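Before any comments, here is the structure.
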Amino acid sequence: MWIVAGGTSATVRGDCQTCEEDFPYRHGPGIVANAGYRVNPRMDVGAEIFWVPLETASGTLNTTHMDAVAQFRPWRTHGFFIKGGAGMAFIRNWVDAIGPGAINSKALSVVVGGGWAFRVEKRVGFQLFASQHAGALGDLQTAAGDVPDVLGNYWSVGAALVFR
Amino acid sequence: MGKPLRPRPLAAALVSALLIHAAPVAAQDTEPSFLARAIESASLFEQPAQTPAPDPYAAARPCAGCPPRSVGRSFLQVTVVNVFYGIANLVRGQVTARVTPKTWWENMENGWVWDLDDFVVNQIGHPYQGSNYYNGGRANGLSFYESAAMAAFGSATWEFYGETNKPSLNDFINTTLGGIAIGEVLHRVSWLMRDPTKSGSGRLWSEIGATVLDPVTGYNRFRRGDASRIAEKPADMVPSALSGFASAGALWRGTEHEPFQGSGQAFLEADLFYGDLLHGRSRSPYDAFAMTMRFGGGGPVSEARLLGRLLGEPFGKNGKFQFSVAQAYDFQKNDAYAFGAQSFDGGVAFTHPLSSRISLALLGSGGLTVLGAIDSLPLGVEEVPEEEPESDAGQGVSEGPRFYDYGPGSKYTVRALLLRDNAPFAVAFYEGRQLFSLDGLRANHFLQHARLDLRVPIYRKIGFGVAGEFFSRHTYYQDAAKTEREFRYPQFRTYLTWDIS
């Protein structure tokens, strides 16, 4: 088994292909959790949940990414790892800068990241990591109309406990 | 007119290898230089009786014919591949290749976007580039999954640091997943060409041919002297079964307006069945795969399909049933339609012997399309408009419009096959796909593809084949009127085959 749970500091920016606006970067805390299977001493596969709530002037902007991920440690004797995966994101009350009243939207989610894991005991350790999630929404329905080709980027750095 | 240059493949391979070999690493200081090893390799080809030199990599090899494992060298070579593509783009005059630390930072600040590049660039060009990253891992002794991570690493670093274009999400997915599929297939097919137990000019040419297919592995084999060293082929590069066909013929394609075009289009096709997709417990990815490549027939490369088994598990009495998980890469582009996808399948197969050489196989599978691409035109537009002259944005900058959609989706497939010596001679195939457009038109697409294929032997290895195909696309536009449109493309092929088993 491979279990990771921790917190992040996240920066979020939503954008769209045809929009002229310069959308803001928003910052907030996030939670990340991984659970999966250790394929071999260098490889883990499993699922990841990444949740980011952001407070804005018009309410809370919630995003939950659920991804299938694979994590690779190139060197068995070092804690360095890289990670990638894809899945779905559920985005609520998207970028209020685009328009008020945006409703729930499902998105294609992609994640890449990397970090360093430190082993404290045989089965317990912690890791420092950085990752970038993307949420590709397609159309975003807002009260002001549909906004096409919306894509959100989530940069995060954090720390987590690791159980093996 | 200058005097034409005579082809000098060995010299060209050595010069190319020297150019690619960018930065020496510390471990090499005590080893013979690359040039010395290359010269030694060349002389060994000419003098097979010479006593082989000691292998400085022996301790790092899991088997005598296996590549030595080096994670650091894999990372280095993936980065060198990126530098190579960047320099190639600079030489081609692409403004997008003029990268600086400022463009790197801008790309990191901006994050992922969808790009507007040409269909072929995105669906074949990027996956091929990804295969070079992937084989940067395989050539240095990394496993399938470890090399998959190399493909993702190379793809991500290229998108952020290799071009001034904003990092493209569709490129990242296509380069990584397509690169894994194409990379592993090219790696294994190139190993089919090599016979490291042989020596002499035949061995040299087989190594050069394999290098054309998988240049990163080939470069490393020449660099290490493996290209001339006598050793057994790695056991995992020897398939449990192998069959295939080379075909040449003509096809006729129609649309919903014109049933068939008057004149046929010539095509060449290669079908390869590596390993046994229908039987056996397997935890070695791509120990069994099926590949189809079609040249001509409406485009330079009109079809490329790969289906590689990731794991297999027999069940039922005498293992008549087989559960498999597979990765698929699809590309079709001709003058009527274009489609490409990266997907994963889970499926069950049933096989029943009809005689000592002939068997029946039934397969059903379903899966997820991580990212699919399908050509589509906005409502009211009947034909792709003429391309406008290049804008002042500079060479390499794609400004659109792009006449195809991107999105994830689902798929299901049913196949019935009659096999003779494990090679199919009659195939009935149906595939349905749903694509949810995330970038492009506001539409969802339902695609259906049905095919009947029959091949009969004529004389020894020569055979004759006919195939009827039907491809349809039902598009559900998300406009106020909820418009629906259906496009149908029947296709008929006739061809001669050469059994390459």
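First to last, the protein sequences are chains C and L. Using this note's numbering, the letters of the first sequence correspond one by one to residues 1 to 164. Using this note's numbering, the letters of the second sequence correspond one by one to residues 1001 to 1501. Glycine included, each C-beta is placed from N, C-alpha and C at the ideal position. What you are looking at is a predicted structure, and each value in this text was computed from that prediction instead of being measured.
Item	Value
Check the C-beta distance from Gly1179(L) over to Tyr1134(L) and give it rounded, since I have them as a contact under 8 Å.	5 Å
Considering only their Cβ atoms, is the gap separating Gly1440(L) from Tyr1406(L) smaller than 7 Å?	yes
Here's the rule I'm using: 16 or more other beta-carbon atoms within 10 Å means buried, otherwise exposed. How should Glu1484(L) be labelled?	exposed
Quick one: what's got a C-beta closer than 6 Å to Leu1417(L)'s C-beta in the same chain, skipping five residues either side?	Ala1361, Pro1424, Val1427
Please list the partners that Ile1173(L) has in chain C, where partner means a Cβ-to-Cβ separation under 8 Å.	Ala86, Val110
Tell me the residue span of the alpha helix (DSSP H) that contains Phe1144(L).	1144–1157
Please report whether the beta-carbon of Cys16(C) lies at a distance below 7 Å from any beta-carbon of chain L.	no
Under the three-state reduction of DSSP, which class applies to Asp1195(L): helix, strand or coil?	coil
Consider the Cβ of Gly138(C): report whether some Cβ of chain L lies at a distance smaller than 7 Å.	yes
Straight-line CA distance for Ala1017(L) to Val1080(L)?	Any answer about Ala1017(L) is weak, because its pLDDT of 42 lies below 50 and its placement is not dependable; what the coordinates show is given next. Straight-line Cα distance between these residues: approximately 12 Å.
By Cβ distance below 6 Å, which residues in the same chain neighbour Gly152(C) in space, the five residues on each side in sequence not counted?	Gly14, Gly135
Residues in the same chain with beta-carbon distance under 8 Å from Leu1502(L), minus the five sequence neighbours each way, listed in chain order, please.	With chain L covering only 1001 through 1501, there is no way to say anything about residue 1502(L).
Would you report the Cα separation of Pro1056(L) and Asn1140(L), rounded to the nearest angstrom?	15 Å
Consider the Cβ of Ala97(C): report whether some Cβ of chain L lies at a distance smaller than 7 Å.	Bear in mind that a pLDDT of 46 at Ala97(C), under 50, signals an unreliable position, so the number given afterwards is only what the model happens to contain. Taking Cβ atoms only, chain L never reaches closer than 7 Å to Ala97(C), which makes this a no.
Assuming contact is defined by CB atoms lying nearer than 7 Å, are Phe50(C) and Val69(C) in contact in what I supplied?	no
Tell me, please, which residues DSSP counts as bridged to Arg1485(L).	Thr1475(L)
Measuring straight from C-alpha to C-alpha, what distance separates Gly1093(L) and Gly1086(L)?	11 Å
Is the stretch 1118–1134 of chain L in contact with the stretch 61–78 of chain C, if contact means three or more CB pairs nearer than 8 Å?	no
Would you please state the rounded distance, in angstroms, between the beta carbons of Ile1173(L) and Ser1199(L)? I believe it to be under 8 Å.	Going by Cβ atoms, the distance from Ile1173(L) to Ser1199(L) rounds to 43 Å, so no, they are not a contact pair.
Does Asp149(C) come out as helix, strand or coil in the three-state DSSP assignment?	strand
Can you check whether the CB of Trp155(C) is closer than 7 Å to the CB of Gln127(C)?	no
Determine the extent of the beta strand (DSSP E) in which Phe1331(L) is found, giving its start and end residues.	1321–1333
Is it true that the CB of Gly1254(L) sits closer than 7 Å to the CB of Leu1272(L)?	no
At what residues does the alpha helix (DSSP H) containing Met1108(L) begin and finish?	1101–1110
In chain order, what residues of the same chain lie with their CB nearer than 8 Å to the CB of Leu1368(L), ignoring the 5 residues before and after it?	Ser1343, Phe1344, Pro1408, Gly1409, Ser1410, Lys1411
Short of 9 Å Cβ to Cβ, which residues in the stretch 19–39 of chain C face chain L?	Tyr25, Val39
Give, in chain order, every residue of the stretch 1336–1347 of chain L whose Cβ lies closer than 8 Å to some Cβ of chain C.	none
Would you verify that the beta carbon of Met66(C) is, or is not, closer than 7 Å to some beta carbon of chain L?	no
Between which two residues does the beta strand (DSSP E) containing Glu48(C) stretch?	43–56
How would you label Glu1146(L), buried or exposed, when you count the other beta carbons within 10 angstroms and need 16 or more for buried?	buried
With a cut-off of 8 Å on the beta carbons, I'd call Leu1419(L) and Ile1358(L) a contact; round off their distance for me.	7 Å
If we define contact as Cβ-Cβ less than 7 Å, is Val1370(L) a contact residue for chain C?	yes
Would you call the stretch 1100–1107 of chain L and the stretch 1156–1174 of chain L touching, i.e. three or more CB-CB distances under 8 Å?	yes
At a Cβ threshold of 7 Å, is Asn62(C) touching chain L?	no
Rounded to whole angstroms, how far is the Cβ of Val1189(L) from the Cβ of Leu1213(L), which I believe are closer than 8 Å?	6 Å
So, using beta-carbon positions, are Tyr1404(L) and Val1414(L) closer together than 7 Å?	no
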